[in-house]
Amino acid sequence: MAKGACEMSTSSLIEIQKVFRTYIDTNDNKVEALNDVSLFVREGEFLSIIGPSGCGKTTLLRLLAGLDSPDSGSLAINGHEIREPGPERGYVFQQGSLFPWLTVEKNIASGLKARGVYKEQKTDVARYIELIGLNGFEKSYPHQISGGMAQRVAIARALINRPSALLLDEPMGALDSFTRADLQDKLLELWKRDQTTMILVTHDVDEAIYLSDRIVIMTPRPGKISEILDVQLPRSRDRGSIEFLTMRSKILEKLHLASASPQPEYAI
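Spelled out as structure tokens, the structure:
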């Protein structure tokens, strides 16, 4: 077991214990996505999960969201086993997945309406539009705004429900470098403001270092935790500093070692 994977803390928000998940692919082949994964996520921390394509990162995030179930093992939040989606866990997809027929403000309000609390919390919609910097775009539809703006809306839509944890599945993966850096700073601003626990799946090592308190490195399939690294660089972080670049080189080396035995690629 990777160092740190099972270090229980009284302030742990999420507990993942001995999780296994296997799929049957389109050719009826057995695909072992996750193998004996255990992890405790501290309340209020920013955690990133990195690893090669197909190593089970998104599978693990979907299990935490309650969109999938493990073959064995358990996942819990606030001591309650995760069996289905719930408002205490916000989820942001890679492409945002906004409702195309709703405006920016109505997309953000959709979660409140689904929970039946819109009347009590409708003033939060304008507040979150201001927090994500989209004043003036309230009546715009998804096709009328940029990809970066759409991802801001998706993040606000998830955060307005005041979740205990925000699950982020490569939400900045399709953005250009400038927009990506801008959204990273906005995400950090929201994280510092609300102290929401955030779990980010990413392929970008620089992004993981810039945002995270800890970084989980996963092996190729079957996905296991290879190592958990503490990011001890002070905030705000300078991507060009010696300390940042040294950690980047260290993580790239560890990713190379974790991927030393390449596995067949499957789309999961």
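Residue numbers (the working numbering): 70 to 337.
Built from N, CA and C at the ideal position, the CB exists for glycine as well.
What you are looking at is a predicted structure, and each value in this text was computed from that prediction instead of being measured.
Measuring straight from C-alpha to C-alpha, what distance separates residue i and residue j?
i	j	result
R226	K182	11 Å
S87	S143	One detail in the question is off: residue 87 reads as Lys in this sequence, not Ser. About 7 Å.
S215	R249	12 Å
S112	L82	Looking at the sequence shown, residue 112 is not Ser but Glu. Looking at the two C-alpha atoms, the distance is approximately 5 Å.
L259	P289	32 Å
S78	E84	Any reading at S78 must be qualified, since the residue scores a pLDDT of 48, below 50, and its modelled position is unreliable; no value is offered.
G313	L302	The identity of residue 313 in the sequence shown is Phe, whereas the question assumes Gly. Roughly 7 Å between the two C-alpha positions.
F109	E189	34 Å
H325	Y210	43 Å
T266	R231	11 Å
G73	V300	Because G73 sits at a pLDDT of 44, beneath the cut-off of 50, its placement in the model cannot be relied upon, and the following sentence gives the value as read from the coordinates. The straight-line gap from Cα to Cα measures roughly 13 Å.
Is it buried or exposed, residue i, if we count other Cβ atoms within 10 angstroms and call 16 or more buried?
i	result
W170	exposed
L167	buried
S281	buried
T127	buried
N176	buried
E276	buried
F206	buried
F115	buried
G180	buried
E345	As shown, the chain starts at 70 and ends at 337. That puts residue 345 outside it, with no answer to give.
G309	exposed
G293	According to the sequence as given, residue 293 is Lys; it is not Gly. Burial call: buried.
Mind checking who residue i pairs with in its DSSP beta bridge?
i	result
V100	Y92
G159	L235
D299	R283
S81	R111
Q86	S143
S117	L269, I284
H149	I146
I229	According to DSSP, which records beta bridges pairwise, I229 is partnered with nothing at all.
Taking residue i as the reference, give the member of the options with the closest Cα.
i	options	result
S159	K255, A219, L130, I201	Going by the sequence as given, residue 159 is Gly instead of Ser. When each option's Cα is compared against that of G159, the closest is L130.
D140	E322, S305, K261, I93	I93
D245	G217, E114, A223, S233	G217
R306	G292, E153, Q253	Q253
D251	L235, G202, G185	G202
E296	E84, D97, L200, S107	S107
K208	A243, E189, T172	T172
M287	D97, T95, I311, G125	G125
I229	A195, Q213, G135	A195
Q220	L269, F247, Q163	Q163
V274	Q264, G242, D263, D97	G242
S233	F247, L256, I268, K255	I268
F89	E101, D97, G135, S80	E101
Suppose the cutoff is 6 Å on Cβ atoms and the five residues either side in sequence are ignored; what does the same chain contact list for residue i look like?
i	result
E322	none
V161	A223, I224, A227, L237, P240
Q264	G113
P331	Low confidence applies to P331: its pLDDT is 47, below 50, so where it sits in the model is not reliable enough to give any reading.
For residue i, I'd like the list of residues in its chain whose CB is within less than 7 Å of its CB, leaving aside the five on either flank, ordered along the chain.
i	result
K99	T91, I93
T271	S117, I119, E239, A277
L257	L280
For residue i, which residues in the same chain have their Cβ closer than 8 Å to its Cβ, ignoring the five residues on either side in sequence?
i	result
E150	S143, L144
N204	I198
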